[in-house]
Amino acid sequence: MMERTLVTNPDYTLTAAKETSKGKLGIWEKAAYGSGDLAINFYWSTVMTYMLFFYTDVAKIPAAIVGTMFLIVRILDGFVDLGMGVVIDRTQTRWGKLRPFILFGALPMAVIGVLCFTVPDFGLSGKIIYAYITYIGIMVMMSFIGTPYGALTSAMTQDPLERVSLSSYRIVGSMIGGIIVSVMTPIIIDHFWPQDLSSGYRNTLMIYSVFALIFYMICFAGTKERVSAQEAVKIPLKKSLHMLFTNRPLMLITFIYLVFQAAYGIKASVSIYYVTYNMSRTDFLSIFMMLVFGGNLLGTLLAPLLTKWFEKKYVIMIGMAGTVLSGIGLYLTDYTNLPMIILWTLVGSIIGGIPAAVIWGALPDTVEYSEWKHGVRTEGLVYGIFSFGQKLSIAISGALSGYILQISGYVPDTVQTPTALTGIAGLFCLLPAGLCVLGIIASLFYNLDSKLFATIIGDLKKKQAASSK
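Each residue of the sequence shown is one higher than the one before, starting from 4 at the first, in our numbering.
Next comes the structure, spelled out in structure tokens:
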């Protein structure tokens, strides 16, 4: 397989990108793409929602130790994402450059997913070592599949509205997976293994892994790469870093997603503590999770409509403002006031669910921006740095959750002190609100609007036409 370094002189931006199909994508292909995130979320949503609780209340590992592990492993895994970006850009097969990672990563992901939610018969030190090994494993496999899967959006179409639509299908798949995991996990465990949480989590992950394998294969078989580099691209490291850090829209959208995902991750992982200890309503947990993920799903469906009327950055700001408003409102609500808790939860989940699809829809635009500016198309690098930001966000959210629980005096399986309850409420309500304020401020500086993107696409097509003569 031949490799070459493409021209990187901005004054001669010959693109190696080739679009083999024009027009709108079919609904079945969009659904097939969305099935990939459904598969991913059989693991991702389980990790985000139940991993912290599993470690502290099932494996009995202290919260501060778990928080440190989250921080270390997720930051290290962020560099794996950058490495994956380089690997992707140097890959070209008969299946394309992105889809093969889904095909060959599905089975290893299933194995490590089950192992990650298995409690070995070790002492505390042995459990901690086992947790590190398996947690590193599942994070690496998420990078192996997740980075190329995310880049598929830019390879399937160059239409910006189609990209938002495609991202909405992705987020719908994500939310369906999240709803299944968040609602069904406690139901399955309580029904089949009520006295053995360790076996319950492990066996539930076995069930999820079977479905994940099926949906990964649907995603692989049902999608097509239309826009990509015709040949594998090899770019020196120094040049790669220059391309990344001079891509202002990419840096901004990565930061915006970092704070958004950190807020989302904190709310997801702390929700089980809030319902169990602050509300003292373990019977309400499945319904609460349904409100959160169901609301997020509705917000995702609103995103394509809003981006037809407003620029993407304003839609992102609206969604983040909803998280700020609902977080403050919920924090001021009494733990026994169920109607108001439901109201603020729905406000936060519906409006707060809007930004995800818009951010993922905006990210592919930065691929063309980089190609326009530097003369080389590098989906892998773009999605690698974005995925690095994503991993950094969950590192921050996981570490903060563990540390604040420990500092607040949280003790598993007991009535919590007022200080611990305040810490849980602050984590669940105020910290995500504060992070979203940062996201709103960053959105003000995002300048890749529809007008500039239309200019970029026009210029790239002119240069492609000129090079083909």
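Just so it is clear, CB atoms sit at the ideal spot from N, CA and C, and this is done for glycine as well. Quick caveat, the model's predicted, so the values are computed rather than measured.
- From the listed residues V184, F107, T207, the smallest Cα separation to F195 is found for T207.
- Taken in chain order, no unbroken stretch of beta strand (DSSP E) lies wholly in the stretch 56-101 with a span of 3 residues or more.
- Taken in chain order, the unbroken stretches of alpha helix (DSSP H) that lie wholly in the stretch 249-308 and span 4 residues or more are 251-276.
- Counting only runs of at least 3 residues, the stretch 191-221 fully encloses no beta strand (DSSP E) element at all.
- Taking C-alpha positions only, F56 is separated from K63 by approximately 9 Å.
- Scanning K454, P65, S157 for the CA closest to the CA of E314 turns up K454.
- Assignment of V379 by DSSP, reduced to helix, strand and coil, places it in the coil class.
- For the pair L155 and L101, the CB atoms are nearer than the 8 Å cut-off.
- Assignment of V50 by DSSP, reduced to helix, strand and coil, places it in the helix class.
- The shortest C-alpha to C-alpha distance from M142 to any of L118, D162, L164, P163 is the one to L118.
- When C-beta atoms of the stretch 36-54 are compared with those of the stretch 269-282, three or more pairs fall below 8 Å, so the two segments count as touching.
- If you ignore the 5 residues before and after G387, its C-beta comes within less than 8 Å of the C-beta of D84, L85, G86, M87, G88, V89, I91, T150, all in its own chain and listed in chain order.
- V230 sits in a strand when the DSSP states are folded into three classes.
- Of the residues assessed, I357 falls on the buried side of the cut-off, its CB having 16 or more other CB atoms within 10 angstroms.
- In the three-state reduction of the DSSP assignment, Y413 falls in the coil class.
- With respect to the C-alpha of D199, the residue from D60, I210, S446, I132 having the closest C-alpha is D60.
- Looking from the CA of F120, the closest CA among S128, I139, A109 belongs to I139.
- By the CB criterion at 8 Å, I174 and W363 fall inside the cutoff.
- In this structure, the CA atom of L438 is about 16 Å from the CA atom of K394.
- Of the other Cβ atoms in all chains shown, 16 or more fall within 10 Å of the Cβ of N281; this residue is therefore buried.
- In the DSSP assignment, V318 falls within the alpha helix (DSSP H) that extends over 315-334.
- Judged by DSSP in its simplified three-state form, P123 adopts coil rather than helix or strand.
- For the set W375, L294, I444, the Cα lying nearest the Cα of I344 is the one of L294.
- Residues of the same chain with a CB within less than 7 Å of the CB of P435, apart from the 5 flanking positions on each side, are A266, I269, K270, T326, G330 in chain order.
- Going by beta carbons, C222 and Y58 fall outside the 8 Å limit.
- Counting only residues of its own chain and dropping the five nearest sequence neighbours on each side, G39 has a CB closer than 6 Å to the CB of Y152, C222.
- Shown here, N340 sits in coil according to DSSP, grouped into three states, outside any helix or strand.
- Cβ contact annotation for I459 (same chain, cutoff 7 Å, sequence separation greater than five): E371, Y372, W375, in chain order.
- The shortest CA-to-CA distance from G297 to any of L349, M159, R93 is the one to L349.
- Under the three-state reduction of DSSP output, Y449 falls in the coil class, being neither helix nor strand.
- Taking 8 Å as the cut-off, the Cβ atoms of S168 and V230 do not count as close.
- In the displayed model, T369 falls within a helix according to three-state DSSP.
- Of the residues assessed, V114 falls on the exposed side of the cut-off, its CB having fewer than 16 other CB atoms within 10 angstroms.
- The beta carbon of M292 is closer than 6 Å to those of S185, V186 in its chain, skipping five residues each way along the sequence.
- In this structure, V361 and I319 form a Cβ contact; the two beta carbons are roughly 5 Å apart against a cut-off of 8 Å.
- In this structure, G99 sits away from F147, with a CB-CB distance that is not shorter than 8 Å.
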